[in-house]
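Trainee:
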Amino acid sequence: MMKEYRLKTVKSLESGADRPELSVFLPVYNEEDNIIPLNARLKDALDRLNRSYEIIYVDDGSTDESLARLRELASDDAGVRVIALRRNYGQTAAMSAGIDHARGDILVPMDADLQNDPADICRLLEKLDEGYDVVSGWRKDRKDKWLTRRVPSTIANKIISRISGVELHDYGCSLKAYRRDVLTDVKLYGEMHRFIPIYARWAGARVAEIAVTHHPRAAGKSKYGLSRTIKVVFDLITVKFMASYWTKPLYMFGAAGLICLTISFLSFVGALYYRFVHDVHLNRMPLATLAMIMFAMGIQFIFMGLLAEMIVRTYHESQNKPTYLIRERINIDEDEE
Numbered sequence: 627m628m629k630e631y632r633l634k635t636v637k638s639l640e641s642g643a644d645r646p647e648l649s650v651f652l653p654v655y656n657e658e659d660n661i662i663p664l665n666a667r668l669k670d671a672l673d674r675l676n677r678s679y680e681i682i683y684v685d686d687g688s689t690d691e692s693l694a695r696l697r698e699l700a701s702d703d704a705g706v707r708v709i710a711l712r713r714n715y716g717q718t719a720a721m722s723a724g725i726d727h728a729r730g731d732i733l734v735p736m737d738a739d740l741q742n743d744p745a746d747i748c749r750l751l752e753k754l755d756e757g758y759d760v761v762s763g764w765r766k767d768r769k770d771k772w773l774t775r776r777v778p779s780t781i782a783n784k785i786i787s788r789i790s791g792v793e794l795h796d797y798g799c800s801l802k803a804y805r806r807d808v809l810t811d812v813k814l815y816g817e818m819h820r821f822i823p824i825y826a827r828w829a830g831a832r833v834a835e836i837a838v839t840h841h842p843r844a845a846g847k848s849k850y851g852l853s854r855t856i857k858v859v860f861d862l863i864t865v866k867f868m869a870s871y872w873t874k875p876l877y878m879f880g881a882a883g884l885i886c887l888t889i890s891f892l893s894f895v896g897a898l899y900y901r902f903v904h905d906v907h908l909n910r911m912p913l914a915t916l917a918m919i920m921f922a923m924g925i926q927f928i929f930m931g932l933l934a935e936m937i938v939r940t941y942h943e944s945q946n947k948p949t950y951l952i953r954e955r956i957n958i959d960e961d962e963e
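Counting from 1 along the sequence shown, just add 626 to a position and that's the residue number in my numbering.
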């Protein structure tokens with residue numbers, strides 16, 4: 627059976643003029659115990675779709691036997707493609723590598739920890755066929771720790787929805803379905819893979835959300851923590867800035883400058899009042915001085931971060947620089963982009 631499947635897959639990819647209809651790609655980091663059962667469930671779910679497909683695993687610098695397991699899968703099945711990054715770049719870079727090498731007309735990312743259910747891919751595609759460009763999964767009955775995972779996630783999702791104007795319950799769910807053209811011009815940095823539906827909606831795409839199954843982790847350790855929530859908040863600030871002020875940064879910097887000047891003026895008036903009315907010398911008002919210094923420092927740090935973000939993006943995009951380096955390709959041509 628394995629040989630028949632392999633021959634069929636090779637024939638469809640080599641002799642068929644069209645790309646596969648569906649590309650499923652999975653970032654992998656230290657998931658050696660989950661890879662084999664995950665691939666079996668994934669193939670079973672995809673075979674039921676009656677669509678041509680490919681499976682792309684992106685090993686994000688795993689330090690266990692994950693890459694060895696992936697090599698075994700790829701050696702037995704030409705439909706399984708493997709990208710091994712040189713080191714751990716993070717989930718966003720791994721997803722970017724998957725997007726860059728996917729050949730399907732529909733792209734479906736998902737986690738490799740067996741918490742996403744491959745059977746839900748069918749439901750995502752059915753929703754996509756209703757005319758949507760992006761279908762996002764919602765882990766409505768999430769099987770994670772309440773205090774450290776679910777509460778911060780709920781708060782972050784509400785903040786993201788409020789700021790972006792795109793109402794989704796679960797931005798952090800990796801299981802989504804995209805039409806290829808939605809991802810054509812998307813460049814991912816930081817933790818911004820979760821913001822793709824926002825980029826898509828701002829570009830005019832139709833975005834939908836459906837509840838998906840979420841399983842408790844059976845093996846391995848979670849790579850997420852409270853620190854990721856903080857990173858997401860900073861990335862959200864960047865996304866909002868890029869959307870509103872990318873072509874007109876002076877509007878934001880100018881407004882902030884006016885605020886600083888206003889505070890400076892009011893502080894100066896207050897200082898004159900205390901000097902001439904209460905006869906308090908300026909050098910005896912350290913709190914006012916400290917408040918002004920700290921305020922200026924905060925503004926400077928935020929703006930330096932935004933400027934640095936713009937510089938990094940300009941560097942990568944103007945020179946077409948990738949955000950990752952590949953150590954090894956399996957069943958993938960060297961010249962394939």
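Where is the CB? At the ideal position from N, CA and C, for every residue including glycine.
Note that the structure is predicted; figures quoted are calculated from it, not measured.
Classify Met923 as buried or exposed, calling it buried when 16 or more other Cβ atoms lie within 10 Å of its own Cβ.
Mentor: The residue is exposed, with fewer than 16 neighbouring Cβ atoms inside 10 Å.
Trainee: According to DSSP, is Ser800 helix, strand or coil?
Mentor: Three-state result, Ser800: coil.
Trainee: I'd like to confirm something about Gly763: is its beta-carbon nearer than 6 Å to some heavy atom of the ligand GDP, or not?
Mentor: As far as ligands go, the structure on display features none, and thus does not contain the ligand GDP.
Trainee: Looking only at DSSP bridge pairs, what is Tyr683 linked to?
Mentor: Note: Tyr683 sits in a beta bridge opposite Leu652 and Val708.
Trainee: Give the secondary structure of Pro778 by DSSP, where H, G and I count as helix, E and B as strand, and everything else as coil.
Mentor: Correct three-state label for Pro778: helix.
Trainee: Suppose you measure from the CA of Val792 to the CA of Glu817; what does that come to, to the nearest Å?
Mentor: Their backbone Cα atoms lie some 18 Å apart in a straight line.
Trainee: Can you name, in chain order, every residue of its own chain whose Cβ lies under 6 Å from the Cβ of Phe867, other than the five neighbours on each side?
Mentor: Counting only Cβ-Cβ distances below 6 Å, and skipping sequence neighbours, we find Leu932.
Trainee: How is the alpha helix (DSSP H) around Ser722 delimited, first residue to last?
Mentor: Counting along the chain, the alpha helix (DSSP H) containing Ser722 begins and ends at Gln717 to His727.
Trainee: Just checking, does the segment 799-812 make contact with the segment 722-742 on the three C-beta pairs under 8 Å criterion?
Mentor: These segments touch.
Trainee: Alpha carbon to alpha carbon, what distance is there between Ser870 and Tyr877?
Mentor: Answer to the nearest angstrom: the Cα atoms are 9 Å apart.
Trainee: Give me whichever residues DSSP pairs with Asn742 in a beta bridge.
Mentor: Its beta-bridge partners are His840.
Trainee: With distances taken between CB atoms, is the gap from Gly798 to Arg776 smaller than 7 Å?
Mentor: No, they are not a contact pair.
Trainee: In whole angstroms, what separates the C-alpha of Ile937 from that of Ser790?
Mentor: Computed Cα separation, rounded: 23 Å.
Trainee: Count the other CB atoms within 10 Å of the CB of Gly716; is the residue buried (16 or more) or exposed (fewer)?
Mentor: Gly716 should be labelled buried.
Trainee: Can you give the Cα-Cα distance for His795 and Leu750, rounded to whole angstroms?
Mentor: Going from the Cα of His795 to the Cα of Leu750 covers about 16 Å.
Trainee: Measuring CB to CB, does Asp759 end up less than 7 Å from Arg645?
Mentor: It is not a contact, given that the beta carbons lie outside the stated cut-off.
Trainee: Terminal residues of the continuous beta strand (DSSP E) containing Glu954?
Mentor: It spans Ile952 to Ile956 - the beta strand (DSSP E) in which Glu954 sits, taken as one unbroken run.
Trainee: With DSSP run on the structure shown, which of helix, strand or coil describes Pro646?
Mentor: If DSSP states are grouped into helix, strand and coil, Pro646 belongs with coil.
Trainee: Where does Val669 land, buried or exposed, given buried means 16+ other C-beta within 10 angstroms?
Mentor: In the sequence as presented, Val is not what sits at residue 669; that position holds Lys. Looking at its Cβ environment, which holds 16 or more other Cβ atoms inside 10 Å, Lys669 is buried.
Trainee: Determine the DSSP secondary structure at Val792, reduced to helix, strand or coil.
Mentor: Three-state result, Val792: coil.
Trainee: May I ask you to report which of helix, strand or coil DSSP gives Pro948?
Mentor: Looking at Pro948 - three-state DSSP - the assignment turns out to be coil, as it is neither helix nor strand.
Trainee: Could you give the DSSP three-state label for Ser572: helix, strand or coil?
Mentor: Any property of residue 572 remains undetermined from this structure, which presents the chain solely from 627 to 963.
Trainee: Looking only at C-alpha atoms, which of Ser649, Ile786 and Thr915 sits nearest to Val859?
Mentor: Here the closest residue by C-alpha is Ile786.
Trainee: Just the C-alpha distance for Asn742 and Phe894, rounded to the nearest angstrom, thanks.
Mentor: The alpha-carbon atoms of Asn742 and Phe894 are separated by roughly 59 Å.
Trainee: Classify Ala834 as helix, strand or coil using the three-state DSSP reduction.
Mentor: DSSP places Ala834 in strand when its eight states are reduced to three.
Trainee: Taking Ile661 as the reference, give the member of Val650, Asp686 and Ser692 with the closest Cα.
Mentor: Looking at the Cα atoms, Ser692 is the closest of the given residues.
Trainee: Do you know whose CA, among Tyr950, Leu672, Ala671 and Ala834, lies nearest Glu756's CA?
Mentor: Of Tyr950, Leu672, Ala671 and Ala834, the residue nearest in Cα terms is Ala834.
Trainee: Confirm, please, whether the CB-CB distance from Asp686 to Leu648 is below 7 Å.
Mentor: No, the Cβ-Cβ distance between Leu648 and Asp686 is not below 7 Å.
Trainee: Taking only three categories from DSSP, how would you classify Gly763?
Mentor: The answer is strand: DSSP assigns Gly763 an E or B state.
Trainee: From Asn714 to Ser688, what does the alpha carbon distance come to, in whole angstroms?
Mentor: Distance between the alpha carbons of Asn714 and Ser688 is about 7 Å.
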